[in-house]
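Please read the structure below before turning to the comments.
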Amino acid sequence: MTLDTEKIRRDFPILSRQINGLPLIYLDNAATSQKPESVIKAISDYYRNSNANIHRGVYTLSEEATALYETTRLKLAEFLNAPGSNNIIFTRNATESINLVAHAWGRKFLFPGDEILLTNFEHHSNFVPWYMLAEEKGIKLKVAPFNGNHELDLQTFAHLLTPRVKLVAVTAMSNALGTILPLDKIIEWAHANDSVVAVDGAQATPHMPIDLKKLNCDFFSFSAHKMLGPTGVGVLWAKNEHLEKMNPFLGGGEMINTVTVEKTTWADLPNKFEAGTPNIADVAAFSAAISYLSDIGMDMVRGHEKELTVYALKRFNELSDFTVYGPKDPEKQGGAISFNHNRVHAHDVGTILNEEGIAIRTGHHCAQPLMKALGVPATARASFYIYNTNEEVDALIDGLKRVNKVFGL
Amino acid sequence: MEPKNIPDPMGSLDELYREIILDHFKSPHNMGRLPNPTLQGEGTNPLCGDSVTLTLRLEENKIKDIRFDGHGCAISQSSSSMMTDAVLGKSISEIKNLGKSFKSVFGIKDNPEEPVKPMNVEEMGDLAALEGVKKFPVRIKCAILPWNTLLEIIKGK
Ligand SMILES: Cc1ncc(COP(=O)(O)O)c(C=O)c1O
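Here the protein sequences come in this chain order: A and B. Just so it is clear: in the first sequence, position 335 is 335 by this note's numbering, and no numbers are missing. Whatever position you read off the second sequence (first residue = 1), add 1000 for this note's numbering.
Below you can see the structure in the form of structure tokens.
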């Protein structure tokens, strides 16, 4: 069984756009995905029919808005096979989810002399919040490197996982190289070491099945906008035992139980962590994105991207002037391929592809420590999703073949 | 409901990658580092990771020798190469004026009231070839990088 990409493509209005007189070929899905009509419509439906503030009114509209908002939470619990839904917290994006953990958990439970273990694959979102905390509290950051295949060097990781490591903060999938990290082992080892594990799921959640019961991590963060949903919605899932002991992140309305001048008590979960009026419309519309992905099935999504990756890697072999980074093994990487021309900078490659209507990402991918370890200032990256096709991969390769022509090489 | 085709504001590749620019990119002038420079400095473009290091020797307030080193796209590399040619032998105040004129071509001015001047080909020489970058707004900072680096180094002079 393969995906019916022709049918899927009809659901995405933006895919009929032209760029430079040519059909848009969107290969920057690791940055953000496009949105299906159902999600776009859900946003306007919400404002047209159900707009009210939530958890407050006794009137019909407010109850409707509350139900829409809370339905997304329930759907997410099912989508992620999460134990319970009141430990799913809505934020603005994955970055905010990670910062929430750093502030509300890290500040309270980490102490001078403790260590945080990261990997070289981390996006700045899963690096800078820990760096800030480390600076503030006198905590040491340690970074596990990758090996020659651009996979996590597990031996060194195990070596760095010493008793002082109180937190392991790790991405499930590298946004820059596509590498899938061996979370099962990482989490098992970390827990055996009494370390808490915070997973950055921003790249993995849109592209592969996630089973939080099986995974057994402590914190899991991701963004709606990379998985067909609207911008402005992030998710933090955490084990109740942590959420209950943590301090709130932001103070304000919605997150309190009672307020007197002398003492304020916190609301129950999840409201304790959702201060103020949230992004109701976009959370409600995120529900349509989850339905869209669930209807396809995340196994099918992963399968489709594997096929595209196999095909793209094969076609890249034809290009003698390009270096491909990452595991180059579809079992060990998601649908993202990072590469460089041996003489022409990634930005120039990106500009030449844009002339063909092809959108790829060029630069350091918010992963400067990783770029440094690779020994390159930047790479070009093509990243796939459910609507991409082998024909688009062909167009990418044809576009790359133009680079030498434009540069007269 | 048909999505609208918004006209694309970008220029064509030929305007960006002119012959002279590619020549400078492929065979850059004044590349490397001077031993014992009078002045030196590094400029980076945090958005794309381009970097340029300049080393130069001043004699009687004129640039007697200059080298650039770094990595980046064809635009930042060729702009560096052209700049080193253009400033060789010029005085600090001449260079400051030239830098100002060059930047103003891309709408970058210290004083927002100042009008944007078109490229003065006589004043600019090879540098004029970079005018096409105007049509590629995200690439302007690549063209400007070596100039900002140089102007920063000679600021107090
Ligand atoms: C691995 C990873 N983590 C975190 C983020 C941050 O996501 P957001 O910008 O939505 O907060 C990204 C997005 O680029 C990512 O790829």
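No residue lacks a Cβ here, since even glycine has one placed at the ideal position from N, Cα and C. None of these values were measured; they are calculated from a predicted model.
Q) To the nearest angstrom, how far is it from the Cα of I43 (chain A) to the Cα of N317 (chain A)? A) 43 Å
Q | Residue interval of the alpha helix (DSSP H) (run including I43 (chain A)) | A | 37–45
Q: In angstroms with no decimal places, state the Cα-to-Cα distance between T2 (chain A) and G303 (chain A).
A: 8 Å
(Q) Could you check if S125 (chain A) belongs to the surroundings of ligand 1, using beta carbon to heavy atom distance under 8 Å? (A) yes
Q. Which value, in whole angstroms, describes the spacing of the CA atoms of I358 (chain A) and I25 (chain A)?
A. 5 Å
(Q) I want to see whether chain B comes within less than 9 Å of D348 (chain A), judged by CB atoms only; does it? (A) yes
**Q.** Three-state secondary structure (DSSP) of M173 (chain A)
**A.** strand
Q: For the alpha helix (DSSP H) holding F1102 (chain B), just list the boundary residues, first then last.
A: 1092–1105
Q: Could you pull the start and end residues of the alpha helix (DSSP H) that S1081 (chain B) belongs to?
A: 1074–1087
Q | Beta-carbon neighbours of E355 (chain A), restricted to chain B and to distances below 7 Å | A | L1013
**Q.** Completely contained alpha helix (DSSP H) runs for the segment 213–293 of chain A, where each covers 4 or more residues
**A.** 240–245
Q) Cβ of L1016 (chain B) within 9 Å of Cβ of T351 (chain A)? A) yes
Q) To the nearest whole angstrom, what separates the beta carbons of I1144 (chain B) and L1039 (chain B), a pair I think is in contact under 8 Å? A) Actually they do not touch by this definition, with Cβ atoms about 19 Å apart.
Q. Per DSSP, E1059 (chain B) is paired with what?
A. B:K1062
Q: With hydrogens ignored, establish whether the beta-carbon of I997 (chain B) is closer than 8 Å to any heavy atom of ligand 1.
A: Beyond the ends of chain B as shown, which are 1001 and 1157, falls residue 997 (chain B); an answer cannot be given.
Q: Tell me whether the beta-carbon of T205 (chain A) lies closer than 9 Å to the beta-carbon of N93 (chain A).
A: no
Q: Please state if the CB of F111 (chain A) and the CB of K245 (chain A) are separated by a distance shorter than 9 Å.
A: no
Q | Residues in the segment 356–367 of chain A having any Cβ partner in chain B nearer than 7 Å | A | G363, H364
Q.
Which residue marks the beginning of the beta strand (DSSP E) containing K140 (chain A), and which one marks its end?
A. 140–144
Q: Output the boundary residues of the beta strand (DSSP E) element that contains S383 (chain A).
A: 379–383
Q: Return no unless some Cβ of chain B is closer than 9 Å to the Cβ of I8 (chain A).
A: no
Q. Any C-beta of chain A sitting closer than 9 Å to the C-beta of R1018 (chain B)?
A. no
Q. Going straight from the alpha carbon of L409 (chain A) to that of A1074 (chain B), what length do you get?
A. 13 Å
Q. Are the C-beta atoms of I1153 (chain B) and some chain A residue less than 9 Å apart?
A. no
Q: Starting from R402 (chain A), follow the alpha helix (DSSP H) in both directions and report where the run begins and ends.
A: 390–407
Q. If you draw a straight line from the alpha carbon of L228 (chain A) to that of A367 (chain A), how long is it in whole angstroms?
A. 23 Å
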